[in-house]
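Read in order, the letters of the sequence shown correspond to residues 1 to 279 in UniProt numbering. All C-beta atoms, glycine included, are put in the ideal place defined by N, C-alpha and C. One structure below.
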Amino acid sequence: MPSLFASYLRVYEPLTAFDRDRQSYWRRYVSEGRAVPPSEGPGRQRTAVIEALGAGWTRLPDLPEEAYVLESGDTLLVCPWNLRIRVAEAALSARDGVPSVLADAFVPPVLAGQAKAVVEDWRSGARVLEHGVPRVHEQIATWGVPLRWFVLFDAEERHLVAHPGRRALRYRTEISKARSRSSRALSVLGKTVGEAPITEAVEEAARWLEEFHPHSVVELDYGGLVQLLSDETLAADDSPTLVATGLAGLSKGEAEEASAAYDTLVARWRAVQLLERCN
1 MPSLFASYLR VYEPLTAFDR DRQSYWRRYV SEGRAVPPSE GPGRQRTAVI EALGAGWTRL
61 PDLPEEAYVL ESGDTLLVCP WNLRIRVAEA ALSARDGVPS VLADAFVPPV LAGQAKAVVE
121 DWRSGARVLE HGVPRVHEQI ATWGVPLRWF VLFDAEERHL VAHPGRRALR YRTEISKARS
181 RSSRALSVLG KTVGEAPITE AVEEAARWLE EFHPHSVVEL DYGGLVQLLS DETLAADDSP
241 TLVATGLAGL SKGEAEEASA AYDTLVARWR AVQLLERCN
């Protein structure tokens with residue numbers, strides 16, 4: 001299971017993005033006060049998946065539908081958890097690197113086939129849009145933040161909470177802005193570095209955003225990573241600015257400026273990643 005020292009990229013969709021049954025369910029879900037705050041969600045997700053892993057694996061379990069919720073005026077936006085997909089991923093991960101006899105005992109081949117089908121369905125954007133396969137509204141990265149995520153945000157979209165016992169750092173933006181930024185980044189990267197891994201990574205993020213309603217909200221949440229960073233570090237965080245500076249340098253042909261921004265960003269997040277190895 002992923003570490004709680006993780007960051008999250010989420011998409012909150014308006015109710016109109018869901019069918020009538022789902023709209024009714026989410027309205028009732030919110031009115032009953034069942035929505036889970038982002039500060040509690042990762043722990044509850046982790047517990048739900050671990051409990052599902054111990055269910056005997058006769059089939060993929062049907063888990064309760066939970067979500068994060070944003071309310072803006074009269075607009076309700078929902079980020080479903082899609083725990084069935086998380087469990088399917090966990091089932092496949094449990095077989096990785098394990099001798100086939102043990103793997104089959106823990107996750108039988110027939111169940112692994114079900115899990116593989118579920119994961120492949122949501123990874124195929126075309127099938128998601130054509131057949132109504134549930135979209136995955138949240139991506140998770142452990143021990144850091146993928147640099148491509150910063151492409152989607154501006155420094156002014158930061159929301160920082162630094163109260164004792166309650167610390168959080170999030171960036172939120174309209175999905176239309178996130179799409180425009182990823183498109184500009186792809187244009188710059190395509191002209192300057194070509195088919196490099198970073199270009200492919202940004203393109204993957206851009207394709208994912210295309211699955212969602214045009215009035216959605218995109219959120220980058222530092223999640224449990226805030227426990228590894230001081231208040232001063234959080235207050236000074238300018239990672240989206242460094243990405244924008246690097247892209248601007250590339251577009252102007254100023255390699256030194258682009259390299260300096262990139263090196264600063266990589267060094268900052270490498271220091272966080274190295275904490276995973278600490279005992």
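Item                                                                                                           : Value
Which listed residue (Gly113, Thr173, Ala178 and Gln139) has its alpha carbon closest to that of Ala91         : Gly113
Beta-carbon proximity list for Ser185, same chain, < 7 Å, skipping 5 on both sides                             : Before going further, note that residue 185 is Ala rather than Ser in the sequence given. Excluding sequence neighbours, Ala185 sits near Val151, Val202 and Leu247.
CB contact flag (Tyr68, Gly43, <8 Å)                                                                           : no
Sequence-distant residues of the same chain with beta carbon closer than 7 Å to Leu228, five excluded per side : Phe5, Val272 and Leu275
Local conformation of Glu219 per DSSP, three classes                                                           : strand
C-beta atoms of Gly165 and Ser7 nearer than 8 Å                                                                : no
For His137 and Glu75, the rounded distance between their alpha carbons                                         : According to the sequence displayed, residue 75 carries Thr and not Glu. Whole-angstrom Cα-Cα distance: 18 Å.
Helix, strand or coil at Val128 [DSSP, three-state]                                                            : Reliability fails at Val128, whose pLDDT of 47 lies under 50, so the model's placement of it is uncertain and the value that follows must be treated cautiously. It is helical.
Where Glu210 falls, given that 16 or more other Cβ within 10 Å makes a residue buried                          : exposed
Length of the line joining the Cα atoms of Lys252 and Tyr262                                                   : 15 Å
According to DSSP, residues forming a beta bridge with Arg166                                                  : His163
Candidates Asp121, Lys191 and Trp269, of which the one nearest Ser239 by Cα                                    : Trp269
Per-residue burial, Asp96 [other beta carbons within 10 Å of its own, 16 or more giving buried]                : exposed
Rounded straight-line distance, which links the Cα of Ser182 to that of Thr192                                 : 15 Å
Contact belief for Ala162 with Leu111 at Cβ below 8 Å, rounded distance in angstroms                           : Rounded, the Cβ-Cβ distance is 45 Å, inconsistent with contact.
Terminal residues of the alpha helix (DSSP H) in which Gln139 lies                                             : Counting along the chain, Gln139 falls outside any alpha helix (DSSP H), though it belongs to the beta strand (DSSP E) covering Glu138 to Thr142.
Cβ neighbours of Ala155 in the same chain (closer than 7 Å, five flanking residues each side left out)         : Asp238, Pro240 and Thr241
Element boundaries [alpha helix (DSSP H), containing Glu256]                                                   : Ala255 to Leu274
Close Cβ partners of Gly33 (< 8 Å) along its chain, the five nearest in sequence each way excluded             : none
Beta-carbon spacing of Arg179, Ala206 below 8 Å                                                                : yes
Assumed close pair Glu257, Thr245 - CB separation to whole angstroms, cut-off 8 Å                              : 7 Å
Own chain residues within Cβ distance below 7 Å of Leu70, not counting five before or after                    : Tyr12, Leu77 and Val217
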